[in-house]
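Chemist:
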Amino acid sequence: MYEKLNTLLILLCRTISTRKLYFSKHPKVKQLSIDFIEKHRDFCKEAKIDKLFIGIIDDTLVFEGKNLVGPSIVGRQLIRFAERLHCGGFSFNDKTTVDEFQALLDIASDLNESTESLKLSRQLLEQKNIHNIDIAQRYMGPSGPMTRDQQSVWHGQDSGDFLHSPTLIYQALFDTVAQAYGDVAGGNDIDIDSTRSVSEYMLHFTRSHFSDLMQHVHYPDFDSYTVGHSVRVASLCVFLAHSFKWPEESLLAIGTAGLLHDIGKSKVADDILYKPGALNSEEYETIMEHPRIGAEILLGQKNTTPLDIAAAWGHHIRADGSGYPSQPEWAVRHPFTSLLQICDAFEALTAVRPYKPILTPHMAYSIMLTDKGGFHPSLLASFIGAIGLYPPGNRVEISNGSRGIVTAVGPILDRPKVRITHDREGTQLPPEDQFDLNLAEADNRSLYVEELLFTSQRED
Ligand SMILES: [Fe+2]
Ligand SMILES: [Fe+2]
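Given below as structure tokens:
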């Protein structure tokens, strides 16, 4: 049951962050709202409850007295919203309609300051015709407000370790970047500390479960591709810096700077950013302003580092100093900016975009290797060695007809380690029957990767 609750809460939080990025009647917001209401009804039915109450104590989401530590990472917006309403939780009864839920999203999106009291917050909900969603008093135990110590803890996964949930980590990363974009667009400060703390989760996760995270980063989602792109680029940067054994203390800084590197795009109009065809010269010039604008935005924030600003400024400057914005001759390039520039170009070439077909890593490498002066040569070679022809997280078909997910690159570029998830007949294997196939081992020499399966062929 907790797994279903986990999914439901992630959907709730994703819907709140999506509503912040798009207008109220956007089809994406509507679809997510319908999904939430349907999943919520199914959950109530299965759990035999007529309302779902999610409490909030000490910045943590709570269900039936258990702290939901995992979902709380992604639920910051919900927690902040509750604070502004002076409430200790939300109760959705099984008659909640999509319209009521969307009205609540509108309030969450528009309410930038706290109301004066819980009573006034309730009146606000009434005025918006929300009758099946209640906001509760701050959560009380038998002897007053409960604290975290008085409760049992559920970490978000049965394994008990929330750091092992790629969905949560991905969603937290996505949510943080989306929030930063929303903050800039709304003229508010970016919560750099939150970005840094979510970057820390990414770091813990990337060390051992990079391929799991990268699977989630393959969203074929045009609307949000700038946000998805930033998460994917940041994850790649952290993975590579870790593979290159760069100092541990630099990894957190690299992840944070990677998440924010394209923040200047929050000031570029959507019709240019998402234009399906080629850009005209005026539009291209507008796009070329985003590194400068991004650096300026970050310069004006508290708690940013020189690396955050250098990354935003320099990620479209090429190894030979050309590119944009123009680089003063005295400027010294930080190795991280060179790595970010490579990850950024690789992601842009291999990801789904409205204006171009998807390319395989092999095609991307051939473009990058023949682009003289484009990239730092030895860093690009190391990058290719670490990512291989079948990057971790990608789905592949093996020559014997089975399919799986690449988990590691290994010593031979085209012979990765693959977790086999589907047998030769195409039947999905239960988790306990899935196994690792290391194509670099002599015993497996007769097998090879037949095909890289693209995002549209993804199976969850
Ligand atoms: Fe960029
Ligand atoms: Fe970028």
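Under this note's numbering, residues 20 to 479 are what the sequence shown spells out, in order. Even glycine gets a Cβ: it sits at the ideal position worked out from N, Cα and C.
By the three-class DSSP mapping on this structure, what secondary structure does Val117 have?
Modeler: Residue state, collapsed to three classes: helix.
Chemist: Which residues bound the alpha helix (DSSP H) around Thr369?
Modeler: Taken as a continuous stretch (DSSP letters only), the alpha helix (DSSP H) holding Thr369 covers Pro354 to Thr369.
Chemist: Nearest to Leu259 by CA position, among Asn148, Phe454, Leu398 and Ala204, is which residue?
Modeler: Comparing Cα-Cα distances from Leu259 to each of Asn148, Phe454, Leu398 and Ala204, the minimum goes to Leu398.
Chemist: Just to confirm before moving on: does the CB-CB distance between Leu456 and Asp433 stay below 8 Å?
Modeler: Cβ distance not < 8 Å, so Leu456 and Asp433 don't count as in contact.
Chemist: Cβ of Asn310 within 7 Å of any heavy atom in ligand 1?
Modeler: What sits at residue 310 in the sequence shown is Pro, not Asn. Checking the Cβ of Pro310 against ligand 1 gives yes.
Chemist: Name the residue from Gly340, Ile336, Leu317 and Val252 whose alpha carbon lies nearest to the alpha carbon of Ile406.
Modeler: Considering only alpha carbons, the answer is Val252.
Chemist: Can you tell me which of the three DSSP states Asp455 falls into?
Modeler: Strand at Asp455.
Chemist: Where does Ala297 sit, in a helix, a strand or coil, going by DSSP?
Modeler: Ala297: coil per DSSP, three-state reduction.
Chemist: What alpha helix (DSSP H) runs, 4 residues minimum, are completely inside the stretch 38-116?
Modeler: Runs found: 46-66, 88-93 and 95-104.
Chemist: State the Cα-Cα distance for the pair Gln360 and Leu144, rounded to the nearest angstrom.
Modeler: Going from the Cα of Gln360 to the Cα of Leu144 covers about 47 Å.
Chemist: Whole-angstrom Cβ separation of Leu13 and Leu270, contact assumed at under 8 Å?
Modeler: Examination of residue 13 is not possible in this model, given that the chain is present from 20 through 479 alone.
Chemist: Hey, quick one: how far does the alpha helix (DSSP H) through Lys138 stretch, first residue to last?
Modeler: Segment Leu137 to Gln146, the alpha helix (DSSP H) holding Lys138.
Chemist: Can you tell me where the beta strand (DSSP E) holding Asp442 begins and where it ends?
Modeler: Segment: none, Asp442 is in no beta strand (DSSP E) and carries neither H nor E.
Chemist: Taking the CB atoms as reference points, tell me whether Asp327 and Ala276 lie closer together than 8 Å.
Modeler: Going by C-beta atoms, Asp327 is nearer than 8 Å to Ala276.
Chemist: If you measure from each residue's Cβ to the nearest non-hydrogen atom of ligand 2, which ones come out under 5 Å, in chain order?
Modeler: Every residue passing the under-5 Å Cβ criterion appears here: Asp281 and Asp363.
Chemist: Quick one: residues in its chain with C-beta nearer than 6 Å to the C-beta of Ser465, no 5 flanking neighbours on either side, listed in chain order?
Modeler: There are no such residues.
Chemist: Within 7 Å: the Cβ of His381 and any heavy atom of ligand 1?
Modeler: Not under cutoff, so the answer is no.
Chemist: How far does the alpha helix (DSSP H) with Ala276 in it extend, from its first residue to its last?
Modeler: Segment Glu267 to Leu279, the alpha helix (DSSP H) holding Ala276.
Chemist: Would DSSP call Ala199 helix, strand or coil?
Modeler: If DSSP states are grouped into helix, strand and coil, Ala199 belongs with the helices.
Chemist: What distance in whole Å lies between the Cβ atoms of Gly94 and Cys32, which are believed to be in contact at a cut-off of 8 Å?
Modeler: Between Gly94 and Cys32 the Cβ distance is about 5 Å, and since that is below 8 Å, they are a contact.
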